[in-house]
Every structure is written in C-alpha cells, then in structure tokens.
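Novice:
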Amino acid sequence: MSNTSNGASAYQPPPADVTRAKVSAGLARRYRAEARFRALGLSATLLGILFVIFLFGSVIWRGYSIFGQHQVRLDVFFDPEVIDPSGTHSREALLAADYQALVRAALKSRFTEVEGRRQVRDLTALVSTGAAADVQDAVLADPSLIGQRRSMWVLTSSNVDWLLKGKVARSAPENERRISDEQLGWLDALIKDGRIEQRFNWTFFRHGDSRDPELAGVGGALAGSLLTLFVTLLLSFPVGVAAAIYLEEFARQNRITDLIEVNINNLAAVPSIVFGLLGLSMFIGFFGMPRSAPLVGGVVLTLLTLPTIIIASRAALKAVPPSIREAALGMGASRVQTVAHHVLPLAMPGMLTGAIIGMARALGESAPLLMIGMVAFIVDIPQGLTDPSTVLPVQVFLWSDSPERAFVERTSGAIIVLLLFLILMNATAVVLRNRFEKRW
Amino acid sequence: MNDSIPQAGPETVGNVRVPEPVFSCTDVNVHYGDKHAIKNVNIDIARQEVLAMIGPSGCGKSTFLRCLNRMNDTIPSARVTGRIALDGNDIHDKRQDVVQLRARVGMVFQKPNPFPKSIYENVAYGPRIHGLAADRAELDDIVGSSLRRAGLWDEVKDRLNQPGTSLSGGQQQRLCIARTIAVNPEVILMDEPCSALDPIATAKIEDLIDELRESYAICIVTHSMQQAARVSQRTAYFHLGDLVEVGETNKIFTNPRAKLTEDYITGRFG
Numbered sequence: 018m019s020n021t022s023n024g025a026s027a028y029q030p031p032p033a034d035v036t037r038a039k040v041s042a043g044l045a046r047r048y049r050a051e052a053r054f055r056a057l058g059l060s061a062t063l064l065g066i067l068f069v070i071f072l073f074g075s076v077i078w079r080g081y082s083i084f085g086q087h088q089v090r091l092d093v094f095f096d097p098e099v100i101d102p103s104g105t106h107s108r109e110a111l112l113a114a115d116y117q118a119l120v121r122a123a124l125k126s127r128f129t130e131v132e133g134r135r136q137v138r139d140l141t142a143l144v145s146t147g148a149a150a151d152v153q154d155a156v157l158a159d160p161s162l163i164g165q166r167r168s169m170w171v172l173t174s175s176n177v178d179w180l181l182k183g184k185v186a187r188s189a190p191e192n193e194r195r196i197s198d199e200q201l202g203w204l205d206a207l208i209k210d211g212r213i214e215q216r217f218n219w220t221f222f223r224h225g226d227s228r229d230p231e232l233a234g235v236g237g238a239l240a241g242s243l244l245t246l247f248v249t250l251l252l253s254f255p256v257g258v259a260a261a262i263y264l265e266e267f268a269r270q271n272r273i274t275d276l277i278e279v280n281i282n283n284l285a286a287v288p289s290i291v292f293g294l295l296g297l298s299m300f301i302g303f304f305g306m307p308r309s310a311p312l313v314g315g316v317v318l319t320l321l322t323l324p325t326i327i328i329a330s331r332a333a334l335k336a337v338p339p340s341i342r343e344a345a346l347g348m349g350a351s352r353v354q355t356v357a358h359h360v361l362p363l364a365m366p367g368m369l370t371g372a373i374i375g376m377a378r379a380l381g382e383s384a385p386l387l388m389i390g391m392v393a394f395i396v397d398i399p400q401g402l403t404d405p406s407t408v409l410p411v412q413v414f415l416w417s418d419s420p421e422r423a424f425v426e427r428t429s430g431a432i433i434v435l436l437l438f439l440i441l442m443n444a445t446a447v448v449l450r451n452r453f454e455k456r457w
Numbered sequence: 010m011n012d013s014i015p016q017a018g019p020e021t022v023g024n025v026r027v028p029e030p031v032f033s034c035t036d037v038n039v040h041y042g043d044k045h046a047i048k049n050v051n052i053d054i055a056r057q058e059v060l061a062m063i064g065p066s067g068c069g070k071s072t073f074l075r076c077l078n079r080m081n082d083t084i085p086s087a088r089v090t091g092r093i094a095l096d097g098n099d100i101h102d103k104r105q106d107v108v109q110l111r112a113r114v115g116m117v118f119q120k121p122n123p124f125p126k127s128i129y130e131n132v133a134y135g136p137r138i139h140g141l142a143a144d145r146a147e148l149d150d151i152v153g154s155s156l157r158r159a160g161l162w163d164e165v166k167d168r169l170n171q172p173g174t175s176l177s178g179g180q181q182q183r184l185c186i187a188r189t190i191a192v193n194p195e196v197i198l199m200d201e202p203c204s205a206l207d208p209i210a211t212a213k214i215e216d217l218i219d220e221l222r223e224s225y226a227i228c229i230v231t232h233s234m235q236q237a238a239r240v241s242q243r244t245a246y247f248h249l250g251d252l253v254e255v256g257e258t259n260k261i262f263t264n265p266r267a268k269l270t271e272d273y274i275t276g277r278f279g
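Chains Y and U, in that order, give the protein sequences. The opening position of the first sequence corresponds to residue 18 in the numbering used here, with each subsequent residue numbered one higher. The opening position of the second sequence corresponds to residue 10 in the numbering used here, with each subsequent residue numbered one higher.
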C-alpha cells in the first residue's frame with residue numbers, strides 16, 4: 018500500500034475548484050460540437066427523406082393514372098355475314114373472321130355521316146386495335162352471340178386516353194395532341210352519349226407487352242418475375258443456409274475457410290452484369306438451357322443472392338448465444354442435433370430476413386437478365402419455367418425506351434408495381450423478424 | 010491404492026486417489042494453443058461425493074472440469090493429453106462415443122442456459138434424444154420426477170408449457186439441473202453454478218447439491234470458499250494450472266498443508 022514513494026513524478030493534484038474551472042471551460046465547446054454533430058445528422062436524414070419523397074412522388078405523379086383507362090361503349094352487331102358466312106360455326110372460321118369490320122360497323126352506325134376511307138380510318142383510330150380482339154373473344158366464348166346486337170366496353174386508343182386524362186391540352190395544336198379536330202368532334206359526341214367512361218385498368222395487369230400502349234401490361238413481366246424469383250428462392254435459400262451452417266458450425270477455422278469467407282464477401286460485391294455473362298456462357302452456352310427463360314434467370318439470380326443469404330445466415334448463426342450450443346452438447350446432443358434442434362430455430366428469423374432481402378435485390382435486378390435474353394419483346398404471359406419471358410425491371414427498361422407517350426405512364430406504372438412488391442417483401446422481412454425472433 | 014500413492018503429481022499435496030473412483034485422472038495436460046492451461050493433474054473423483062475445485066481466476070479449474078465430459082473438444086485450439094478414466098475406461102479411447110460420455114457425465118453451466126423452449130421440453134429434451142422413454146407417459150414421469158428432485162416441481166407444475174426462460178435465475182439454474190438429471194447421469198459437473206444467483210437462490214441450489222450427492226458424483230467449480238466448505242466433502246485447490254492440494258474439505262480449510270493453499274484460503278490473494 019505504501020509504494021507511492023517510488024513514483025517518479027512529483028505530481029500534486031490541484032485544488033478541487035481549479036479542476037472544476039478547467040472542466041467548465043471546456044463544456045461550452047463540447048456542447049457546441051454535440052449540437053453541430055446533431056445538426057449534421059439531422060440534415061443528412063432530412064436530405065435522404067427528401068430524395069425518397071422526390072423519387073416516390075415523381076413516379077406516383079406520372080404513374081398513378083395508369084390504374085384507370087378510358088373505354089368506349091359500342092353497340093356491336095355480331096353480323097353472321099361477316100363472322101361466319103358459311104354458317105358452320107367452326108372454330109377455324111370464327112378465328113379467321115374480320116372482327117375489325119364489326120368494330121368499324123359499330124362506329125359507323127353511330128356516325129352515319131362518315132364517308133370515305135380516310136374518315137373511316139380516323140374514326141376507327143379512336144378505338145384501340147384491341148377492340149377487335151375483344152369482340153373475337155366474346156364470339157369464341159359464346160358463339161350464340163352471332164346474329165345478335167350487344168353493347169360492349171372496349172378500350173379507346175392511347176391517344177384518346179392520353180387526351181381524356183388531360184395529359185395533353187385540347188387546345189394544343191393538332192399534331193401535338195395527335196387527335197384531329199374532326200376526331201375531337203366525334204369524341205365529344207361519344208362523351209355526350211355517355212359512351213366514354215374511365216374504368217379500372219385491368220388490361221395493365223392482365224396483358225403482356227404490346228406495341229400498342231393501351232394494350233401493353235405488366236402481367237407478363239409480373240409472371241416472369243414471380244417464376245424467376247421462385248427458382249431463385251428454391252435454389253438459393255437451401256444452398257445458402259446449408260453453406261452458412263457448414264461454415265459456421267462444422268468447418269474448422271483455418272486458412273481455407275478464411276479464404277472461402279473472403280471470397281463470399283467478394284462475390285457479394287461483384288457487379289451483377291458479370292453474373293449475367295457467366296450465366297450466358299455457362300447455363301446457355303455450355304449446359305444448353307433455353308434462352309430468355311425464368312429458369313436461367315432464376316439460376317443467374319441465385320448466384321447473385323447466394324452471397325447475401327450466406328452472409329446474413331452466418332450472422333444469424335453467430336447471434337445465437339454459444340451457451341445454447343454448450344447446453345445442448347452438454348446434454349449429449351450430437352452436433353447435428355444441436356444445430357437442428359436449437360441453433361437453427363433461433364437463427365431462422367435472421368436467415369429468412371436475409372433471404373427476403375436477397376430476393377428483393379433479385380427482384381429489382383435487370384442487368385444480368387439482359388445478358389441472358391430476358392429483354393425480348395414478349396406478348397404472351399409465360400406459363401412455365403422454360404417459356405420466354407421478361408421481368409419487371411427489364412419491362413421498365415424496355416418501356417422507358419419506347420417513343421409513344423403513353424408508355425411514359427406505363428413505365429411509371431410498372432415502377433409503382435415493382436416498388437409495391439419490394440415494399441411488401443421488406444415489410445414481410447420486418448414482420449418475420451419481430452414475430453419470430455426469440456429473446457433469451 | 011489410496012495411501013500408497015500419497016503424491017502422484019510432482020507438486021500435489023494430499024490424497025489424490027480414492028477407493029473405487031468414478032473418475033480417475035492421470036497426468037492430464039491441457040494446452041490452448043501455446044498456453045499450458047493444465048499441468049500434470051492427477052486426481053480421483055469418488056462416488057456419492059461432492060468434490061469442490063477452488064482457486065484464483067484463470068487457474069484452470071473450469072478447463073479441467075470441461076475435460077471430464079470432453080467439452081474442450083468444441084474448442085479447436087484445445088489439446089488434452091493424459092488419461093482420464095471413467096469407470097476404468099479412458100474417455101479419449103476411440104471406442105468411447107462422446108455422445109454416450111456426455112449422457113453419463115452431465116453438466117450445469119455458470120450462467121443458467123435453459124433452451125428457449127417450454128419448461129417441459131427443456132427437461133424432456135435429453136430423454137428424448139437418448140430414447141430413454143418408451144412412450145409419452147414414461148416421458149411425463151421422467152420430467153415430473155426430475156423436476157421434483159430438482160426442487161422445482163411445486164413452482165412450475167402449473168406452467169410446464171411456459172418458456173423456461175420466463176423463470177427467475179435461480180429457478181432457471183434448477184431447471185438446468187433437472188434437465189441434467191433427467192438423463193440419469195453418473196456424474197454431474199457444475200461450473201460455478203451459483204455465480205449468477207442471489208444468496209437465497211444459492212442456498213436452494215446448495216441444498217439440492219447435498220441431496221443429489223446420494224445418487225451422483227458431483228464435481229463443482231466455485232469461487233466461493235464458503236460454498237466449497239458448505240457443500241463438498243473433498244476440495245481440490247488449483248493454482249496456475251497446477252493442482253496444488255487435494256484433501257478432505259474440513260482439513261483443507263482448517264489445516265491446509267501447502268503454503269499456496271493457505272495463502273489463498275486466508276485471503277492473501279485471489
């Protein structure tokens with residue numbers, strides 16, 4: 018206790034009031050630094066929020082109108098002379114008939130004064146080319162319609178929809194609004210009849226891509242995205258979790274596992290287009306898998322999400338307290354039993370969260386899919402894993418490149434759908450984490 | 010062969026050997042990487058007896074305890090040499106299955122670590138993985154009797170389905186003891202089982218240890234010399250990896266033969 022004498026310095030503590038004065042002198046500076054730091058943090062946060070609001074705001078502002086679409090009610094006469102002159106009602110005859118003529122006739126029956134090829138063409142241009150397909154579908158579904166007259170709601174053309182949504186002013190010059198004064202007159206007459214209505218845009222969700230904006234939808238891309246993600250989840254979750262368990266619970270810690278760990282982290286940072294090139298040369302070039310297919314897309318995105326899932330799963334396993342493992346091992350549980358019965362259930366919420374975040378990243382990925390041909394113009398909704406298809410972000414990319422103005426609205430609409438899915442997935446991750454995370 | 014080898018280790022004072030030991034350890038050394046954590050330890054553990062291991066922090070008593078059910082296997086850098094015989098058979102023998110060993114040598118840890126499952130599942134887990142119960146009724150019996158013997162039954166009998174982690178610290182530790190005895194082990198190792206508990210919970214555990222001694226050999230590591238004096242029949246004093254002295258508890262505390270032991274129990278250091 019008495020070894021103060023061999024301390025070399027002769028330091029004497031100053032009186033208490035001197036110490037107090039020194040501390041107070043520095044206080045103001047400390048508080049200033051704190052206030053500065055808080056202000057910086059707050060402004061950074063506000064800036065971030067501002068950007069998010071700007072992003073969501075501009076997308077929603079441009080895209081919200083996609084959920085409605087103007088339709089026109091036509092009194093279609095299902096003329097047996099046009100549809101089925103032979104009267105056989107055979108499927109071939111019904112498929113081959115000129116339904117556009119029926120649409121034209123329906124319009125002409127309202128505007129009897131229309132004469133000549135040009136006027137007729139301009140009049141039918143008010144209605145989408147998809148109207149003929151709608152009439153055909155109605156006939157194919159119910160051949161007894163032939164010979165009858167029915168009221169049908171069909172799509173207006175995108176230029177009409179664009180005008181009626183107020184995206185372009187009525188007073189704009191003709192070539193800018195792409196609707197002639199004559200067409201405008203017909204349109205006003207139809208509106209006066211109560212034949213024009215804005216209805217919920219099912220077309221946008223049910224259809225695949227189309228050259229006609231009013232007929233283009235995200236249905237195909239949505240199905241493609243879901244099929245692709247299905248493959249990705251099926252492959253990357255089990256493989257990722259198994260790899261994480263092996264590395265975390267069974268592998269010896271040595272130079273090889275260190276090397277593997279470093280490379281997994283590197284893999285997570287590899288630009289996604291590189292995975293696309295790999296997929297192109299490996300899966301399509303070498304293994305001969307089909308091009309543009311969700312199967313290949315899913316495999317490529319698996320490569321992309323695997324590192325994310327492995328890293329998240331390892332973190333989740335690390336977070337399980339070692340005392341649980343010791344308890345199980347001390348009871349005589351084997352290592353596999355310890356992991357399966359105790360560690361895995363505790364780590365599962367974290368693993369699922371990681372998987373969902375990986376999936377969300379895969380959902381938003383477009384670059385690698387461009388490389389494997391999922392960028393094609395695909396009208397049909399894919400029905401299986403090997404059907405050619407595209408995905409939502411690629412659809413956004415394709416539409417944003419289209420010259421027709423109505424595709425601007427569709428681009429934003431597709432982004433809204435994509436964002437909704439991303440938000441849904443991230444919300445699921447949060448809910449899973451909160452609900453199943455056990456406290457110990 | 011008790012008094013014939015009064016000093017098996019080069020430095021150990023006292024009788025390290027007992028008649029018909031459950032554990033018999035000869036020249037046990039443990040290395041953690043370069044660190045020599047246990048040096049030539051020779052000691053027997055007798056049946057129906059509590060052996061207390063005391064010593065300053067870092068002296069290797071926990072490490073030695075973990076040798077007895079090969080928990081050190083889980084530490085990659087640990088290397089254990091020497092002979093540790095359970096009922097005459099070396100536990101490091103190739104024929105000795107580690108799962109079997111840990112079923113025979115149960116362990117209670119420093120911090121209560123019940124599984125984040127129900128109280129019932131905590132106790133039922135061991136019998137279940139070892140296939141000790143033929144049917145649900147037998148499993149119920151094992152769980153009930155284990156909880157009763159751990160003195161926990163009256164407190165938890167109405168809430169067996171609640172999570173084990175919802176119990177108080179002392180109850181959790183008794184749950185861990187119940188979980189251990191549900192497997193019907195031959196030896197119970199306790200690594201400072203009361204260090205995280207208040208004095209009342211500690212007293213309950215000590216009473217429990219005293220009762221359990223009838224059926225099991227118990228080996229307890231403790232920092233509290235009072236606890237060692239209260240619960241144990243024999244005491245081993247470890248110092249920097251050496252087993253300094255082994256003897257009957259009342260003799261060690263009243264009349265230690267080694268200088269280091271005396272310094273420690275009189276509070277000179279530790």
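Just so it is clear, CB atoms sit at the ideal spot from N, CA and C, and this is done for glycine as well.
Which full runs of the alpha helix (DSSP H) of 4+ residues lie inside the region 250-302 of chain Y, going along the chain?
Specialist: Segments of the alpha helix (DSSP H) lying fully in the region 250-302 of chain Y: 272-285 and 289-296.
Novice: What's the gap between the Cα of L161/U and the Cα of E130/U?
Specialist: Here residue 161/U corresponds to residue number 152 of the second sequence, with the count starting at 1. Here residue 130/U corresponds to residue number 121 of the second sequence, with the count starting at 1. Rounded to whole angstroms, L161/U to E130/U spans 15 Å at the Cα level.
Novice: Answer with yes or no whether the minimum CB distance from G367/Y to chain U is below 7 Å.
Specialist: Taking the first residue of the first sequence as position 1, residue 367/Y is located at position 350. For G367/Y, the answer is no, since every Cβ of chain U falls outside 7 Å of its Cβ.
Novice: Does the beta-carbon of F267/Y have 16 or more other beta-carbons within 10 angstroms, so that it is buried, or is it exposed?
Specialist: The residue given as residue 267/Y occupies position 250 in the first sequence. Per the 10 Å Cβ criterion, exposed.
Novice: Roughly how many angstroms separate the alpha carbons of L198/U and N282/Y, rounded to a whole number?
Specialist: Here residue 198/U refers to the residue found at position 189 of the second sequence. Here residue 282/Y refers to the residue found at position 265 of the first sequence. Near 41 Å, if we compare the C-alpha coordinates of N282/Y and L198/U.
Novice: Return the chain-ordered list of same chain residues with a C-beta closer than 6 Å to the C-beta of I261/U, the five sequence neighbours on each side being excluded.
Specialist: Translated into positions along the second sequence, residue 261/U becomes position 252. T244.
Novice: For D200/U, which of T275/U, L176/U, G97/U and N122/U has the nearest alpha-carbon?
Specialist: Working through the second sequence from its first residue, we reach residue 200/U at position 191. Checked all of T275/U, L176/U, G97/U and N122/U; the closest Cα to D200/U is N122/U.
Novice: Compare the C-beta of R111/U against all C-beta atoms of chain Y and say whether one is closer than 7 Å.
Specialist: Residue mapping note: residue 111/U aligns to position 102 of the second sequence, counting from 1. Yes, contact with chain Y.
Novice: Take L207/Y as the anchor and find which of R90/Y, V316/Y and R134/Y has the nearest alpha-carbon.
Specialist: Translated into the one-based positions of the first sequence, residue 207/Y becomes position 190. Comparing Cα-Cα distances from L207/Y to each of R90/Y, V316/Y and R134/Y, the minimum goes to R90/Y.
Novice: Whole angstroms is fine: what's the gap from W457/Y's alpha carbon to Q182/U's?
Specialist: If you number the first sequence from 1, residue 457/Y lands on position 440. If you number the second sequence from 1, residue 182/U lands on position 173. Reliability of the predicted coordinates at W457/Y is poor, the pLDDT of 47 falling under 50, and the value obtained from them is presented with this limitation in mind. The straight-line gap from Cα to Cα measures roughly 14 Å.
Novice: Mark Q236/U as exposed unless 16 or more other C-beta atoms lie within 10 angstroms of its C-beta, in which case mark it buried.
Specialist: Sequence index remark: in the second sequence, residue 236/U carries index 227 (1-based). Buried.
Novice: Are there 16 or more other CB atoms within 10 angstroms of the CB of P410/Y, so buried, or fewer, so exposed?
Specialist: As a first step, residue 410/Y must be located in the first sequence, where it is residue number 393. When all chains shown are included, P410/Y counts as buried.
Novice: I'd like to confirm the pairing. Which residues does DSSP put opposite P172/U in its beta bridges?
Specialist: Within the second sequence, residue 172/U is the residue found at index 163, counting from 1. According to DSSP, P172/U bridges with S127/U.
Novice: Report the CB separation of A379/Y from T322/Y in whole angstroms; it is logged as a contact under 8 Å.
Specialist: Looking up residue 379/Y in the first sequence gives position 362. Looking up residue 322/Y in the first sequence gives position 305. Correct: roughly 5 Å between the Cβ atoms.
Novice: Can you tell which of A42/Y, T428/Y, D101/Y and Q86/Y has the C-alpha that lies nearest to the C-alpha of G183/Y?
Specialist: The count along the first sequence starts at 1 and reaches residue 183/Y at position 166. It is Q86/Y.
Novice: Within the same chain, show all residues whose beta-carbon is closer than 7 Å to that of E58/U, passing over the 5 residues directly before and after it, in chain order.
Specialist: Walking along the second sequence from the start, residue 58/U turns up at place 49. The answer, listed in chain order, is R222, A226, Q242 and R243.
Novice: Can you tell me which of N176/Y, E98/Y, D96/Y and A333/Y puts its alpha carbon nearest to the alpha carbon of R422/Y?
Specialist: In the first sequence, residue 422/Y corresponds to position 405, counting from 1. Nearest of N176/Y, E98/Y, D96/Y and A333/Y to R422/Y, Cα basis: N176/Y.
Novice: Along the region 219-250 of chain Y, what residues have a CB closer than 7 Å to any CB found in chain U?
Specialist: For the region 219-250 of chain Y, which is checked against every Cβ of chain U, not one residue is closer than 7 Å.
Novice: Quick one: using the 10 Å Cβ neighbour count with 16 as the cut-off for buried, is K213/U buried or exposed?
Specialist: Numbered from 1 along the second sequence, position 204 holds the residue referred to as residue 213/U. The residue in question, K213/U, is buried, as its Cβ has 16 or more Cβ neighbours within 10 Å.
Novice: Which chain Y residues sit within Cβ distance under 7 Å of F124/U?
Specialist: Translated into positions along the second sequence, residue 124/U becomes position 115. Simply I341, A344 and H359.
Novice: What are the start and end residues of each continuous alpha helix (DSSP H) run of 4 or more residues lying completely inside the region 94-160 of chain Y, in chain order?
Specialist: For the region 94-160 of chain Y, whole alpha helix (DSSP H) runs of length 4 or above, ordered along the chain, are 97-100, 108-113, 116-127, 133-141 and 147-158.
Novice: May I ask you to verify whether the region 247-265 of chain Y touches the region 321-336 of chain Y, counting CB pairs closer than 8 Å and requiring at least 3?
Specialist: Touching, yes, given that three or more Cβ pairs across the two stretches are closer than 8 Å.
Novice: Touch check for the region 102-111 of chain Y and the region 191-211 of chain Y: three-plus C-beta pairs under 8 Å?
Specialist: These segments do not touch.
Novice: Secondary structure at T21/U, three-state DSSP: helix, strand or coil?
Specialist: Residue mapping note: residue 21/U aligns to position 12 of the second sequence, counting from 1. In the structure shown, T21/U sits in coil (DSSP, three-state: anything other than H, G, I, E or B).
Novice: When we look at the beta-carbon of A189/Y and count the other beta-carbons within 10 Å, is it buried (16 or more) or exposed?
Specialist: Sequence index remark: in the first sequence, residue 189/Y carries index 172 (1-based). So A189/Y ends up on the exposed side.
Novice: Is the separation between the beta-carbon of V25/U and that of I54/U shorter than 7 Å?
Specialist: Translated into the one-based positions of the second sequence, residue 25/U becomes position 16. Translated into the one-based positions of the second sequence, residue 54/U becomes position 45. No, they are not a contact pair.
Novice: Is it buried or exposed for F73/Y, if we count other Cβ within 10 angstroms and need 16 for buried?
Specialist: Within the first sequence, numbered from 1, the residue matching residue 73/Y stands at position 56. F73/Y is exposed by the Cβ-count criterion.
Novice: Below 7 Å between beta carbons is the criterion; list the residues of the region 135-157 of chain U that meet it against any residue of chain Y, in chain order.
Specialist: Answer set for the region 135-157 of chain U: G135, I138 and H139.
Novice: Taking Cβ-Cβ distances shorter than 8 Å, what residues in chain U pair up with R269/Y?
Specialist: The residue given as residue 269/Y occupies position 252 in the first sequence. Neighbours of R269/Y on chain U, chain order: P85.
Novice: Give me whichever residues DSSP pairs with D99/U in a beta bridge.
Specialist: As a first step, residue 99/U is located in the second sequence; it is residue number 90 there, counting from the start. Answer is A94/U.
Novice: For A187/U versus A205/U, is the C-beta distance shorter than 7 Å?
Specialist: On the second sequence, residue 187/U is found 178 positions in, with the first residue counted as 1. On the second sequence, residue 205/U is found 196 positions in, with the first residue counted as 1. Not in contact: A187/U and A205/U (Cβ atoms no closer than 7 Å).
Novice: Closer than 9 Å, Cβ to Cβ, to anything on chain U: give me those residues from the region 133-164 of chain Y, in chain order.
Specialist: Per Cβ criterion, the list is empty.
Novice: Could you give the first and the last residue of the continuous beta strand (DSSP E) run that contains S168/Y?
Specialist: Within the first sequence, numbered from 1, the residue matching residue 168/Y stands at position 151. Taken as a continuous stretch (DSSP letters only), the beta strand (DSSP E) holding S168/Y covers R166 to L172.
Novice: Is I395/Y closer than 7 Å to G296/Y when the C-beta atoms are compared?
Specialist: For the purposes of this step, residue 296/Y is taken as residue 279 along the first sequence, with counting starting at 1. For the purposes of this step, residue 395/Y is taken as residue 378 along the first sequence, with counting starting at 1. No.
Novice: Using a Cβ-Cβ cut-off of 7 Å, state whether A364/Y counts as contacting chain U.
Specialist: For the purposes of this step, residue 364/Y is taken as residue 347 along the first sequence, with counting starting at 1. So, not an interface residue.
Novice: Do you know how far the Cα of A238/Y is from the Cα of P339/Y?
Specialist: Locating residue 339/Y in the first sequence gives position 322, where the first residue counts as 1. Locating residue 238/Y in the first sequence gives position 221, where the first residue counts as 1. Approximately 46 Å, taken between the alpha carbons.
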